[in-house]
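**Q** Supplied in structure tokens, the structure appears directly below.
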Amino acid sequence: MRTVAAISTPYGKGGVAVIRISGEAAVRIASKVFMPKSGIGLDDIPSNTAVYGSFFDSDGIFDDGIVTLFRAPKSYTGEDTAELSCHGGILVTKKLLCAAIAAGADYAEAGEFTKRAFINGKITLSQAEAVGGIIDAKNEKHLAVSLLQSKGALSARIKKLSDSLAYLAASVYAYIDYPDEDLRDIGTEEMKSRLMAIRDDITRLAQTHRYGQAISEGINTVIVGKPNTGKSSVLNSLIGYDRAIVTDIAGTTRDIVTEQIRLGDLIHNLSDTAGIRESDDVIESIGINKSRQAIGDAELVLAVFDGSKPLDDYDMEILNQIRRSGKESCTICMLNKSDLGLVVPSLPFGRQIVFSAAVGIGRDALESTIGDLFGEGDVSSLGEIIVGARQYAALTRAEAAVKNALTSLDGFTQDIAGMDVEEAIACLGELDGRTASEQVVNEIFTHFCVGK
Ligand SMILES: Nc1nc2c(ncn2[C@@H]2O[C@H](COP(=O)(O)OP(=O)(O)OP(=O)(O)O)[C@@H](O)[C@H]2O)c(=O)[nH]1
Ligand SMILES: [Mg+2]
Numbered sequence: 002m003r004t005v006a007a008i009s010t011p012y013g014k015g016g017v018a019v020i021r022i023s024g025e026a027a028v029r030i031a032s033k034v035f036m037p038k039s040g041i042g043l044d045d046i047p048s049n050t051a052v053y054g055s056f057f058d059s060d061g062i063f064d065d066g067i068v069t070l071f072r073a074p075k076s077y078t079g080e081d082t083a084e085l086s087c088h089g090g091i092l093v094t095k096k097l098l099c100a101a102i103a104a105g106a107d108y109a110e111a112g113e114f115t116k117r118a119f120i121n122g123k124i125t126l127s128q129a130e131a132v133g134g135i136i137d138a139k140n141e142k143h144l145a146v147s148l149l150q151s152k153g154a155l156s157a158r159i160k161k162l163s164d165s166l167a168y169l170a171a172s173v174y175a176y177i178d179y180p181d182e183d184l185r186d187i188g189t190e191e192m193k194s195r196l197m198a199i200r201d202d203i204t205r206l207a208q209t210h211r212y213g214q215a216i217s218e219g220i221n222t223v224i225v226g227k228p229n230t231g232k233s234s235v236l237n238s239l240i241g242y243d244r245a246i247v248t249d250i251a252g253t254t255r256d257i258v259t260e261q262i263r264l265g266d267l268i269h270n271l272s273d274t275a276g277i278r279e280s281d282d283v284i285e286s287i288g289i290n291k292s293r294q295a296i297g298d299a300e301l302v303l304a305v306f307d308g309s310k311p312l313d314d315y316d317m318e319i320l321n322q323i324r325r326s327g328k329e330s331c332t333i334c335m336l337n338k339s340d341l342g343l344v345v346p347s348l349p350f351g352r353q354i355v356f357s358a359a360v361g362i363g364r365d366a367l368e369s370t371i372g373d374l375f376g377e378g379d380v381s382s383l384g385e386i387i388v389g390a391r392q393y394a395a396l397t398r399a400e401a402a403v404k405n406a407l408t409s410l411d412g413f414t415q416d417i418a419g420m421d422v423e424e425a426i427a428c429l430g431e432l433d434g435r436t437a438s439e440q441v442v443n444e445i446f447t448h449f450c451v452g453k
């Protein structure tokens with residue numbers, strides 16, 4: 002395999018920059034660009050050791066720094082690796098990378114070091130994805146989950162599920178293939194009860210995805226209501242600055258305005274929409290259609306009402322629209338303008354909170370109500386949360402296969418159920434990389450930065 006090199010630190014000025022070289026020729030290439038001050042060649046330096054010296058190219062010495070050697074298999078990639086730490090200047094860093102390339106290294110692709118760690122069996126696919134999560138984390142919870150999963154917490158849970166399924170498959174096939182041997186037939190009833198336990202375990206794990214998504218990608222949260230209830234003011238108060246235009250003219254907001262914010266541990270892709278009403282204005286009508294569509298696409302609806310007035314027909318129409326979109330269970334009704342005195346309405350559905358965008362009432366109540374809907378709930382361990390959509394898709398396919406196995410047991414023989422069990426094992430293998438296709442693996446690593 003090629004020996005590859007890349008700058009592993011962000012582009013720009015800094016105290017230190019790191020160039021990573023990984024592959025069979027890593028130590029040889031490092032010794033062509035680095036001279037240890039001690040005079041002892043890198044070949045004679047033990048693994049996991051840092052050495053001070055000078056960096057040079059064909060024009061001579063251009064910087065001092067440190068090289069750290071990690072020899073295979075005890076390195077991040079599982080290959081011989083040299084990490085060259087030079088001063089964090091843009092020119093100096095480029096010169097050092099170019100010197101490494103001139104000495105025989107190839108440019109590393111995005112995520113290539115982590116991909117090599119996966120290929121060399123140092124980490125599973127979900128551990129690799131968790132490394133990406135550590136880099137991308139925008140809040141403490143996402144970081145905590147990613148760290149635990151980078152150490153193998155999710156892989157361990159998946160392996161346990163997979164092992165339980167493998168035991169069932171092996172028992173079924175052994176009994177069918179070698180009927181004369183004294184092998185224990187686990188029997189249809191026992192197989193059923195074991196499969197049901199596995200199915201419930203997978204379902205519980207899949208349910209954590211809602212929280213996993215909320216701490217990573219964010220919840221698609223839409224603010225809706227009739228004109229002038231204070232939707233744009235709510236957006237501005239939650240973001241903390243005047244992002245959307247606010248006036249006392251009904252119909253101010255026309256287009257959807259979206260901002261990403263964090264409320265508690267949860268991230269929201271928060272959209273302010275045009276107030277919904279009958280309108281002859283062409284532009285406003287387009288905006289109103291977008292608002293209606295946004296309700297359909299939302300994962301969380303914040304329905305804003307003027308809490309200082311009784312509900313009117315326009316408010317009821319918003320509630321009907323939410324109901325028609327099937328979003329009652331993920332709607333929070335915000336009684337805004339509570340600073341003007343509250344007229345508590347009786348709402349047909351939705352959790353209700355008292356709010357005032359003008360004087361800042363209700364943020365805590367909103368956070369805790371959203372926490373009830375999207376919080377971690379009874380997740381047994383942060384390391385066992387399904388964050389990525391790819392992992393979730395593989396897990397739901399495994400769940401479907403286990404359900405099929407249960408159905409097969411009712412109508413067919415055990416060997417048909419055995420095939421479904423094998424399918425479930427394959428899906429779990431895909432989740433963790435054991436049976437993931439090259440295309441899936443490549444796709445995952447293209448989302449990484451160069452140098453990781
Ligand atoms: N007293 C009080 N006034 C508010 C509050 N929130 C908004 N307002 C006022 O209500 C008016 C309408 O506010 P907007 O935020 O533009 O309302 P909107 O729902 O976005 O309106 P459209 O974009 O037209 O649909 C403005 O004059 C705001 O200052 C509040 O909590 N209390
Ligand atoms: Mg508005």
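In terms of this note's numbering, the sequence shown has 110 at position 109, counting the first letter as 1, and numbering is strictly consecutive.
From the three backbone atoms N, C-alpha and C, an ideal C-beta is built for every residue, glycine too.
Hey, how far is the Cα of residue 56 from the Cα of residue 198?
**A** Rounded to the nearest angstrom, the two C-alpha atoms are 60 Å apart.
**Q** Go ahead and pull the three-state DSSP assignment for residue 335.
**A** Note: residue 335 maps to strand in three-state DSSP.
**Q** So, do the region 202–220 and the region 377–395 have three or more beta carbon pairs nearer to each other than 8 Å?
**A** Touching, yes.
**Q** To the nearest angstrom, how far is the alpha carbon of residue 7 from that of residue 132?
**A** Their backbone Cα atoms lie some 17 Å apart in a straight line.
**Q** Can you name, in chain order, every residue of its own chain whose Cβ lies under 7 Å from the Cβ of residue 397, other than the five neighbours on each side?
**A** If we look at residue 397 and ignore the five residues flanking it on each side, its Cβ neighbours are 207.
**Q** Which residues in the same chain have their Cβ closer than 6 Å to the Cβ of residue 38, if we skip the five residues on either side of it in sequence?
**A** Counting only Cβ-Cβ distances below 6 Å, and skipping sequence neighbours, we find 53 and 54.
**Q** Residue 92: buried (16+ other C-beta within 10 angstroms of its C-beta) or exposed?
**A** Exposed is the call here.
**Q** Looking only at DSSP bridge pairs, what is residue 64 linked to?
**A** Paired residue(s): 56.
**Q** Starting from the C-beta of residue 227, find all residues in its chain whose C-beta is less than 7 Å away, skip the five residues before and the five after it, and write them out in chain order.
**A** Around residue 227: 276, 277, 278, 315, 316 and 319.
**Q** Just to confirm the assignment, what range does the alpha helix (DSSP H) spanning residue 194 have?
**A** Run containing residue 194: 188–208, per the alpha helix (DSSP H) assignment.
**Q** Give me the residue from 436, 311 and 274 with the minimum Cα distance to residue 223.
**A** Answer by Cα proximity: 274.
**Q** Let me know if residue 108 comes out buried or exposed under the rule of 16 or more other beta-carbons within 10 Å of its beta-carbon.
**A** Burial call: exposed.
**Q** Alpha carbon to alpha carbon, what distance is there between residue 47 and residue 102?
**A** Between residue 102 and residue 47, the C-alpha separation is close to 24 Å.
**Q** By the 10 Å Cβ neighbour count, where 16 or more other Cβ atoms means buried, how is residue 192 classified, buried or exposed?
**A** Burial call: buried.
**Q** Using 8 Å as the threshold, is the region 283–300 in touch with the region 244–256, meaning 3 or more CB pairs across them?
**A** Touching, yes, given that three or more Cβ pairs across the two stretches are closer than 8 Å.
**Q** For residue 336, tell me which candidate among 429, 323, 267 and 356 has the shortest Cα-Cα distance.
**A** The option with the nearest alpha carbon to residue 336 is 356.
**Q** My assumption, with CB atoms under 8 Å, is that residue 425 sits in contact with residue 403. Please give the rounded CB distance.
**A** Contact flag correct, Cβ pair sits at about 5 Å.
**Q** Would you say the beta carbon of residue 245 is closer than 7 Å to some non-hydrogen atom of ligand 2?
**A** For ligand 2, at least one heavy atom lies less than 7 Å from the Cβ of residue 245.
**Q** From residue 195 to residue 160, what distance separates their C-alpha atoms?
**A** Their backbone Cα atoms lie some 16 Å apart in a straight line.
**Q** Taking DSSP's pairing of strands, which residues face residue 354 in a bridge?
**A** DSSP lists 335 as partners of residue 354.
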